[in-house]
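Everything on this sheet refers to the single structure shown next.
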Amino acid sequence: MCDIAAVNLVYAQSMGSLNYNSSISKESTSEETEEPKTPAAAQEEESEENVASGKKKRGQSVKKSRSKLKKALSWRQSNRSRRLIANARERSRIHIMSEAFEGLRRAVPSYSSDQKLSKLAILRLATSYISALSYLAENDTSTKSLKHFAECVDKCTQALQTEGRTRRKEAKKTVSEDIIID
């Protein structure tokens, strides 16, 4: 094992340095002042020297690497299983929400039962429809209340038409973008 003080000494000798004697005295004093090492400290220093020189005790590194590998694999597997469970839970939640929106869409009148509506359009249409029905239920059937009911029905119609227009605009935009890209 190379000692830094010895390397400095050889370097100083080769360069003809004036500090040659001082480096020798530093080396000798450092060896004299070292405290006796405990067995644990000596073993630790020996293992550090072995690692630095590339030597390893037989079986130590294999056991450590196997245990690290097992821990990493178990962590990956548990993390992956947690992720799969969370994904399944999210898919289930999305399906339930979509079914609820589809039921609401069927309950609210629209131009056709096949008409595709966004979730936002379904909510707007449902609020307009519910407000029209509640107003009709609360008030009498005089001409004034019928005018208000007609306004609520117009709001429902506007919501449907707005959704249809936005869908057509989006379809035209994607078609024109596809043509430009090609």
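Going by the UniProt record's numbering, the first residue of the sequence shown is number 1, and it counts up by one from there. Each residue gets a CB set at the ideal place from its N, CA and C atoms; glycine is no exception. Note that the coordinates shown come from a computational prediction; the quantities given were computed from them, not determined experimentally.
Residue i burial status per 10 Å Cβ neighbour count (16 or more: buried)
| i | result |
| --- | --- |
| I122 | buried |
| S78 | exposed |
| L125 | buried |
| S110 | buried |
| K86 | Note that residue 86 corresponds to Ala in the displayed sequence, not to Lys. A86 is exposed by the Cβ-count criterion. |
| A159 | buried |
Span of the alpha helix (DSSP H), counted from its first residue to its last, around residue i
| i | result |
| --- | --- |
| L125 | 119-138 |
DSSP-derived helix/strand/coil call for residue i
| i | result |
| --- | --- |
| V108 | coil |
| N154 | As written in the sequence, residue 154 is Asp, which differs from the Asn given in the question. D154: helix per DSSP, three-state reduction. |
| Q115 | coil |
Proximity to residue i [Cα-Cα], best of the options
| i | options | result |
| --- | --- | --- |
| K155 | L104, A137, L133 | L133 |
| C152 | T127, S118, K71, S65 | T127 |
| H148 | Y135, T157, Q158 | Y135 |
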